[in-house]
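*Asks:* Sharing a structure, written as structure tokens. Questions coming.
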Amino acid sequence: MNKQLIQWYPGHIAKAEKQLKEHLNKVDLVFEVRDARIPLATSHPYLQKWLRGKKQILVINRKDMINIYAHQAWDKKLRADGKVPWWCDAKAGTGIHQLKQAAIRAGQELNQRRLNRGMKNRAIRVLTLGFPNVGKSALINRLVKKKVVSSSRKAGVTRSLRWVRLGQDLDLLDAPGVLPPRLEDQNAALKLAICDDIGQAAYDTEQVAIKFLSLLEKLEENKGAGIQSTCIQNRYGIYLNKSIKDKSSWLLSAAERHTSGDTLRMSQRLLDDFRKNLLGNISLELP
Numbered sequence: 185m186n187k188q189l190i191q192w193y194p195g196h197i198a199k200a201e202k203q204l205k206e207h208l209n210k211v212d213l214v215f216e217v218r219d220a221r222i223p224l225a226t227s228h229p230y231l232q233k234w235l236r237g238k239k240q241i242l243v244i245n246r247k248d249m250i251n252i253y254a255h256q257a258w259d260k261k262l263r264a265d266g267k268v269p270w271w272c273d274a275k276a277g278t279g280i281h282q283l284k285q286a287a288i289r290a291g292q293e294l295n296q297r298r299l300n301r302g303m304k305n306r307a308i309r310v311l312t313l314g315f316p317n318v319g320k321s322a323l324i325n326r327l328v329k330k331k332v333v334s335s336s337r338k339a340g341v342t343r344s345l346r347w348v349r350l351g352q353d354l355d356l357l358d359a360p361g362v363l364p365p366r367l368e369d370q371n372a373a374l375k376l377a378i379c380d381d382i383g384q385a386a387y388d389t390e391q392v393a394i395k396f397l398s399l400l401e402k403l404e405e406n407k408g409a410g411i412q413s414t415c416i417q418n419r420y421g422i423y424l425n426k427s428i429k430d431k432s433s434w435l436l437s438a439a440e441r442h443t444s445g446d447t448l449r450m451s452q453r454l455l456d457d458f459r460k461n462l463l464g465n466i467s468l469e470l471p
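Using this note's numbering, read the sequence shown as starting at 185 and increasing by one per residue.
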């Protein structure tokens, strides 16, 4: 199978990046939203350059999709690096109240500085920033307690910037997911594809499914990854032979059993099952 690079930079993302840069001067605070399954791969390489010292809150979404060992390991690592992570599950609402209070406290500190400079208090402007499909819009809907922006577990749903008022304290700016123009780290790009944090047009589904199987094998020995040795066999009834390097044979066997020999459909099913937690709470990155 030929190696295919994973790259995705559609027109709406290029446009959104330009608009973001225009809005950054109006923003007081930034929610940087990452995917708990891949907190490194969903860390934007240009973020600090764009923020230019603005106050930020690190939000790790989808905490429900990893196990407690990975959660604790990442929390410890991030805090050791001087970052305070706010863990949440925007879909269920877990951790949202604490995040809102953290944003309000940050806003009060910023407004105090405004008062010290002789300026009036105002609602703090918060930008939600992150890769596609990490849960930014779902997070805003939870904070506001109603559906005010479109939200879907699919990359590329939000295509334009929109301000949303949260009480008298915060104004939230929902922005499209922003990727670098070129994904230099293809290992990270693969994880984005596996987690559906990049548009499907960016990758070959069968290639990604095969590499996902190899990645599961590689991570299985690490307790924090949360991979059960029999998760694939239990789900599909076919043993994943570790001695066989090329996992395309497993995909073919699974396709013959479940999708009438259609390997593309089987690849999609495998990835969708992972994305729905049907293979267990699996972390693809560990500190």
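Cβ atoms here follow ideal geometry from the backbone N, Cα and C, with glycine treated the same way.
Could you tell me whether the stretch 199-206 touches the stretch 215-224, using the rule of 3 or more Cβ pairs below 8 Å?
*Replies:* No, they do not touch.
*Asks:* For the beta strand (DSSP E) that contains L311, what are its first and last residues?
*Replies:* Counting along the chain, the beta strand (DSSP E) containing L311 begins and ends at 308-314.
*Asks:* CA-CA distance, T443 and S451?
*Replies:* When rounded, the distance between both Cα atoms is 10 Å.
*Asks:* For W270, list the residues DSSP reports as bridge partners.
*Replies:* W270 pairs with V243.
*Asks:* Cα-Cα, which of L213, K275, G302, S433 is closest to R236?
*Replies:* Residue L213 is the option with its Cα nearest to R236.
*Asks:* Answer yes or no: do V392 and A409 have a C-beta to C-beta separation smaller than 9 Å?
*Replies:* Not closer than 9 Å, so no.
*Asks:* Around the Cβ of R263, are there at least 16 other Cβ atoms within 10 angstroms (buried) or fewer (exposed)?
*Replies:* Exposed, because fewer than 16 other Cβ atoms sit within 10 Å of the Cβ of R263.
*Asks:* Does the stretch 356-363 touch the stretch 388-407, meaning 3 or more C-beta pairs lie closer than 8 Å?
*Replies:* Verdict: no, contact absent.
*Asks:* In whole angstroms, what separates the C-alpha of N406 from that of K261?
*Replies:* If I take the Cα positions, the gap works out to 16 Å.
*Asks:* Tell me whether D259 sits in a helix, a strand or coil according to DSSP, three-state version.
*Replies:* DSSP places D259 in helix when its eight states are reduced to three.
*Asks:* Whose C-alpha, out of I411, K431, L448, is nearest the C-alpha of L463?
*Replies:* Closest by alpha carbon: I411.
*Asks:* At 4 residues or longer, what runs of the alpha helix (DSSP H) sit wholly inside the stretch 198-231?
*Replies:* None, since the stretch 198-231 contains no complete alpha helix (DSSP H) of that length.
*Asks:* V328 lies in the alpha helix (DSSP H); which residues open and close that run?
*Replies:* First-last of the alpha helix (DSSP H) with V328: 320-328.
*Asks:* Rounded to whole angstroms, what is the Cα-Cα separation between L231 and L399?
*Replies:* Rounded to whole angstroms, L231 to L399 spans 28 Å at the Cα level.
*Asks:* Confirm, please, whether the CB-CB distance from F315 to T389 is below 9 Å.
*Replies:* No. Outside cutoff.
*Asks:* Looking at the unbroken beta strand (DSSP E) that takes in L350, where does it start and where does it end?
*Replies:* Looking at the DSSP string, the run of the beta strand (DSSP E) that includes L350 is 346-350.
*Asks:* If I measure Cβ to Cβ from I288 and keep anything under 6 Å in the same chain, skipping five residues before and after, which residues do I get?
*Replies:* Closer than 6 Å at Cβ, skipping near neighbours: D353.
*Asks:* Drop a sphere of 10 angstroms on the beta-carbon of T312, count the other beta-carbons inside from all chains shown, and report buried for 16 or more, exposed for fewer.
*Replies:* It counts as buried.
*Asks:* So, do the stretch 251-258 and the stretch 290-302 have three or more beta carbon pairs nearer to each other than 8 Å?
*Replies:* Touching, no, given that fewer than three Cβ pairs across the two stretches are closer than 8 Å.
*Asks:* Is it true that the CB of I280 sits closer than 9 Å to the CB of L475?
*Replies:* One cannot answer for residue 475 here, as it falls past the ends of the chain, which runs 185 to 471.
*Asks:* Which of helix, strand or coil does DSSP assign to T447?
*Replies:* Three-state DSSP puts T447 in a helix.
*Asks:* Counting along the chain, where does the beta strand (DSSP E) carrying L403 start and finish?
*Replies:* Where L403 is concerned, there is no enclosing beta strand (DSSP E), although the alpha helix (DSSP H) it sits in stretches over 389-403.
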